[in-house]
Amino acid sequence: MKSQQRIQEKQKKVQELKQTVNTIKSGAQTAVEDSEIIFTEMISSMEKMHSEVTELIRAQEKAELRQDERLLEQLEQEITDLQRRITELEKLSHTDDHIHFLQVTLTV
Numbered sequence: 009m010k011s012q013q014r015i016q017e018k019q020k021k022v023q024e025l026k027q028t029v030n031t032i033k034s035g036a037q038t039a040v041e042d043s044e045i046i047f048t049e050m051i052s053s054m055e056k057m058h059s060e061v062t063e064l065i066r067a068q069e070k071a072e073l074r075q076d077e078r079l080l081e082q083l084e085q086e087i088t089d090l091q092r093r094i095t096e097l098e099k100l101s102h103t104d105d106h107i108h109f110l111q112v113t114l115t116v
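Quick note on this note's numbering: the sequence shown kicks off at 9 and runs consecutively.
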């Protein structure tokens, strides 16, 4: 009788251990699945942020390039105008008509 009772106790412990093993496996699987969801969401969020930052950088780049191109055009136009004025003044400096020279230089 004692042997039978010991066998039953050991069988009960085996069943309890099996339940514990199943609980551990189930908990671990749930933790893995939860962490997979969390990391997938984090990766998605990081990719979205990366995309937004890239867009902001490109937009800023375009704005700065447009501004610089406008300034470049303006400076090139000013250089052209100055070169034209210098050429006109050089031509006028060779004239003997001093009144005409003064009239033109005052308007330039």
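Glycine included, every Cβ here is placed at the ideal spot set by N, Cα and C.
**beta strand (DSSP E) runs contained entirely in the segment 52-94, provided each spans 3 or more residues** = You should have found no qualifying run.
**Prompt:** Are Leu-100 and His-108 touching if we call contact CB-CB under 9 Å?
**Reply:** Closer than 9 Å, so yes.
**Prompt:** If you run the structure through DSSP and keep just helix, strand and coil, what is Thr-103?
**Reply:** Thr-103 falls in the coil class under three-state DSSP.
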